[in-house]
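In the working numbering, the protein residues as written are 1 to 262.
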């Protein structure tokens with residue numbers, strides 16, 4: 001099984017990025033899993049930004065077309081200021097542009113404001129008591145091959161538009177910590193899935209993430225991921241997302257727009 005670090009290590013390098021083949025083990029349907037494409041884009045941005053690049057603080061991802069087969073990942077510095085750097089990345093496949101990303105890397109600055117209101121779910125199941133998810137024929141290939149997941153909330157009396165799981169990479173060795181976190185950050189299904197009447201194809205269109213720590217860390221690779229659907233009409237859903245480390249400290253906040261094909 002080809003891990004993400006191994007893939008990056010075997011990529012064909014360019015001055016502004018790299019090329020590689022996307023293994024089907026990283027697929028979600030006919031495209032690469034969104035966190036995989038996002039982590040590719042971040043790796044290219046870090047390559048172009050160089051060793052002096054500040055920590056990642058915010059990113060926007062647009063999933064425009066399937067990312068599969070041989071792809072080229074190219075990045076460019078849009079602006080490098082005194083304290084922040086903006087980098088844009090594109091992933092191109094056989095049919096052209098498939099994925100875009102915009103990153104903001106920013107160093108710490110002095111501030112008198114201290115606010116961090118991202119409480120854990122009230123009925124959270126502790127990692128040591130959490131049951132593994134059940135693998136079925138509908139489970140995406142990337143989950144089966146590259147992740148471990150456990151249910152982080154007890155069963156509800158009635159379905160809720162929410163999914164919360166403990167998640168870790170099966171093989172995260174050799175990865176930059178921020179690339180590893182982005183790779184994992186989109187691993188759980190959309191929050192509206194439990195309230196849908198049938199299993200239908202879904203696809204992320206846009207994804208915005210804000211990093212709440214410049215250097216996120218956790219114990220034994222486990223992170224808590226939560227997605228809460230708060231809107232679904234005419235095939236479009238909006239959801240709020242959050243990630244905490246094993247100590248319950250918030251490390252990422254996000255929002256996604258999702259296409260529901262049914």
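Every residue, glycine too, gets a C-beta built ideally from N, C-alpha and C.
Pull up the distance between the alpha-carbon of residue i and that of residue j, whole angstroms please.
i, j, result
"residue 46", "residue 118", "28 Å"
"residue 227", "residue 155", "16 Å"
"residue 49", "residue 85", "8 Å"
"residue 148", "residue 57", "26 Å"
"residue 22", "residue 186", "17 Å"
"residue 39", "residue 165", "20 Å"
"residue 67", "residue 30", "8 Å"
"residue 137", "residue 143", "12 Å"
"residue 111", "residue 195", "42 Å"
"residue 78", "residue 55", "16 Å"
"residue 198", "residue 157", "19 Å"
Tell me the DSSP bridge mates of residue i?
i, result
"residue 151", "165"
"residue 61", "101, 207"
"residue 231", "238"
"residue 44", "Paired residue(s): none; residue 44 is not in a bridge."
"residue 14", "17"
"residue 257", "206, 238"
"residue 27", "32"
"residue 252", "211, 243"
"residue 106", "84"
"residue 216", "Partner(s): none; residue 216 has no beta bridge."
"residue 132", "150"
"residue 76", "88"
Grab me the residues of residue i's own chain with a C-beta within less than 6 Å of its C-beta, minus the 5 sequence neighbours each way, in chain order.
i, result
"residue 5", "174, 175"
"residue 251", "212, 213, 216, 243, 245"
"residue 27", "141"
"residue 36", "26"
"residue 41", "89, 101"
"residue 51", "none"
"residue 204", "34, 63, 256, 258"
"residue 11", "18, 20"
"residue 181", "216"
"residue 3", "171"
Does the beta-carbon distance from residue i to residue j come in below 8 Å?
i, j, result
"residue 223", "residue 183", "no"
"residue 133", "residue 122", "no"
"residue 145", "residue 25", "yes"
"residue 87", "residue 73", "no"
"residue 131", "residue 202", "no"
"residue 17", "residue 80", "no"
"residue 247", "residue 238", "no"
"residue 93", "residue 69", "yes"
If residue i and residue j are in contact, beta carbons under 8 Å, what's the gap, nearest whole angstrom?
i, j, result
"residue 167", "residue 212", "Actually they do not touch by this definition, with Cβ atoms about 17 Å apart."
"residue 71", "residue 15", "Actually they are not in contact, since the Cβ atoms of residue 71 and residue 15 sit about 17 Å apart, beyond 8 Å."
"residue 102", "residue 60", "5 Å"
"residue 125", "residue 97", "Rounded, the Cβ-Cβ distance is 41 Å, inconsistent with contact."
"residue 232", "residue 192", "5 Å"
"residue 43", "residue 179", "5 Å"
Taking 8 Å as the limit between beta carbons, can you name the residues of its chain near residue i, skipping five residues before and five after?
i, result
"residue 109", "83"
"residue 189", "163, 202, 227"
"residue 221", "168, 169, 172"
Spatial neighbours of residue i within its chain, please: CB distance less than 7 Å, with the 5 preceding and 5 following residues excluded, ordered by chain position.
i, result
"residue 53", "46, 85, 105"
"residue 218", "245, 246"
"residue 8", "43"
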